[in-house]
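S.K.: Just so you know, the sequence shown maps onto residues 32 to 418 in this note's numbering. A virtual CB, placed ideally from N, CA and C, is assigned to each residue, including glycine.
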Amino acid sequence: MDAAIVGWGHTKFGRMDALSLEELITMAAAEALGDAGLTGADVDAVWLGHFNAGLVKDGFAASMVLGADDGMRFKPATRCENACASGSAALYAAIDAVRAGRIRVALVVGAEKMTHLDTASVTAALGCASYQKEEAGKSFPQIFADFASAYAERYGDPTEAMARIAVKNHANAMHNPLAQMHRPLELDFCRNVSEKNPMIAAPLKVTDCSLVSDGAAAVVVARTDMLGDFRRAVGFRAAVQVNDYLPISAKDPAAFEGPREAVRRAYETAGIGVDDLDFAEVHDCFTIAELLATEALGLAPAGSGREVVIEGQTAPGGRLPVNLSGGLKAKGHPVGATGVSMHVLAARQLTGEAGGMQSPGAALGLCFNMGGGAVANYVSVLEPLKA
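1. Where does N203 land, buried or exposed, given buried means 16+ other C-beta within 10 angstroms?
2. Just list the residues that DSSP pairs R110 with in beta bridges.
3. Please list, in chain order, all residues of the same chain as P107 whose beta carbon is under 6 Å from its beta carbon, the five residues on each side excluded.
4. Taking the alpha helix (DSSP H) that E326 falls in, what are its first and last residues?
5. With H, G and I counted as helix, E and B as strand and the rest as coil, what does DSSP make of P415?
6. According to DSSP, what are the bridge partners of L4?
7. Buried or exposed: which applies to A121, given that a residue is buried once 16 or more other Cβ atoms fall within 10 Å of its Cβ?
8. Relative to the C-alpha of F377, which residue among E321, S356, M145 and I231 is closest?
9. Drop a sphere of 10 angstroms on the beta-carbon of V368, count the other beta-carbons inside from all chains shown, and report buried for 16 or more, exposed for fewer.
10. Using beta-carbon positions only, say whether K360 and H206 come within less than 9 Å of one another.
11. If you compare alpha carbons, which of R195, S280 and S411 is closest to T300?
12. With DSSP run on the structure shown, which of helix, strand or coil describes V5?
13. Since H41 is in the beta strand (DSSP E), which residue starts that stretch and which ends it?
14. Do G40 and A59 have their beta-carbon atoms positioned less than 9 Å apart in this structure?
15. Does DSSP put F267 in a helix, in a strand, or in coil?
16. According to the Cβ coordinates, are G45 and D188 closer than 9 Å?
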C-alpha cells in the first residue's frame, strides 16, 4: 500500500509576535484538514516535526496538534526531531505507517517558534545540532563557512555564485505570499561586505544566511486506495533518508557526500535522472549549501556548479528551477517546519496551485531537506496522482 499527500496547510513565515507555537501548529493543522475535506475524527495518527533545543519551553508539544480539532482526542501523536530536517522526519514516519498498513490517514505538522529570542540565543540553540565533543561553541554560520572555504580551496572562489543564489531566491520570494522576506536584493549588494551586509563568518555575509523565522506547515497523508475521496493527490516516486557521520571532521566538507548519496538513491528508486525533474526545493540554509546541492543533484560535476548558477540554469525558466518558493534564504527557516513546507509548496506546484511561483507544466519535483552539516538528508521525488 502506498501513501499520498491529499491536503495541506501553511502559515506565513516570519516574525509572528502575536502567535504562540501552539497557535501556529493548530492553524496549519486545521487548514490541512479542511483542505483535505476531513475532520479530526478521520485522522488515525499525528506526527509533529519540531527541533526546539531550548528555543521554547514546550518540550512535549506533540499533543498540541490535537487542539486543531476535538475529533483527534485520544489519537496517537508523536514528536520527531532530526535538526533542520525534523519536518521531513515526521513526514517519513507518517508515510511508513501508512505504507505498512497500520493506519489509513495521518496528519503531519512541522513548526518552530524562534523570533522571540535574540540572535545569540537562537545561534546557541541551533548549535545543539552539531557534534558537541568537537564543535561546541561553533555556530552554524561558522560550520558552513568551513564548507565554503573547503570548496574555494579545492575548486575556486564560490562567492559570485553564492551572491547570485541570494539574488535569485529573494526574487523568487516576491511571488510567494507566505514568504518572510519580500525584498529583492541587488547583485552588487550581495557580493560586497558593507555596513548593511556585514561578514558573519568569512566568506559568509548576512546575504548568504537564511532567516530566523516563526511558522508552521502541515500535510494530510492517506492511502492511495482512498484517492477517490480526495479532489487531488501527490504521490512519492521516492522518499529516501541518508544519515552521514555527525562530526564535520569525519567528512569531506567540499564533497557533500550525504546529500549526494541521498539524491543518487532517490533517482535510482524513482527511475529518473536530473533532467527528468521540472523543479527542486533544496535546503539553502546558507547559499553555499544550495551551490553544493546543485552539484549533488547532478546539474554539474563537483566544482562546476558555479557556472550552472551564474548561467541562470537554476533560475525560473532555466534547466532546473531551484527554490521557486524563495527557499530558506527568503521564504524563511522555522526549523521544524521547513521539511513539511517544502513538500507543501512542491505539491502546490504539481497540482497547478502555486500562483505566481508556478512552473508551467510541472509534473515531477524534488525536495531536499537537510539536518545539521549534511548529516540527516531527506530526498523526495514527487508526482501528481490526481490533479
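M.R.: Let's see:
1. Counted from its first residue, the sequence shown places residue 203 at position 172. Per the 10 Å Cβ criterion, buried.
2. Locating residue 110 in the sequence shown gives position 79, where the first residue counts as 1. Bridge partners of R110: L79.
3. Here residue 107 is taken as the residue at index 76 of the sequence shown, counted from 1. Correct list, in chain order: A76.
4. Locating residue 326 in the sequence shown gives position 295, counting from the first residue. Counting along the chain, E326 sits inside the alpha helix (DSSP H) bounded by residues T318 to A327.
5. Mapped onto the sequence shown, residue 415 falls at position 384. Here P415 sits in strand by DSSP.
6. Since the displayed the chain opens at 32 and closes at 418, residue 4 lies outside it and no answer follows.
7. Translated into the one-based positions of the sequence shown, residue 121 becomes position 90. Counting other Cβ atoms within 10 Å of its Cβ, A121 reaches 16 or more and is therefore classed as buried.
8. By one-based count along the sequence shown, residue 377 stands at place 346. Rather than Phe, the amino acid found at residue 377 in this sequence is Ala. Among E321, S356, M145 and I231, the Cα nearest to that of A377 is on S356.
9. For the purposes of this step, residue 368 is taken as the residue at position 337 of the sequence shown. According to the sequence provided, residue 368 is Ala. The question's Val does not apply to it. With 16 or more Cβ atoms within 10 Å of its Cβ, A368 is classed as buried.
10. The count along the sequence shown starts at 1 and reaches residue 360 at position 329. The count along the sequence shown starts at 1 and reaches residue 206 at position 175. Not a contact, by the Cβ cut-off of 9 Å.
11. If you number the sequence shown from 1, residue 300 lands on position 269. The residue from R195, S280 and S411 with its alpha-carbon nearest to that of T300 is S411.
12. This structure does not reach residue 5, given that the chain is present from 32 up to 418, and the question cannot be answered.
13. Translated into the one-based positions of the sequence shown, residue 41 becomes position 10. Residues A34 to H41.
14. The residue you call residue 59 lines up with position 28 of the sequence shown. The residue you call residue 40 lines up with position 9 of the sequence shown. The answer is yes: Cβ separation under 9 Å.
15. Within the sequence shown, residue 267 is the residue found at index 236, counting from 1. Assignment of F267 by DSSP, reduced to helix, strand and coil, places it in the strand class.
16. Counted from its first residue, the sequence shown places residue 45 at position 14. Counted from its first residue, the sequence shown places residue 188 at position 157. It is not a contact, given that the beta carbons lie outside the stated cut-off.
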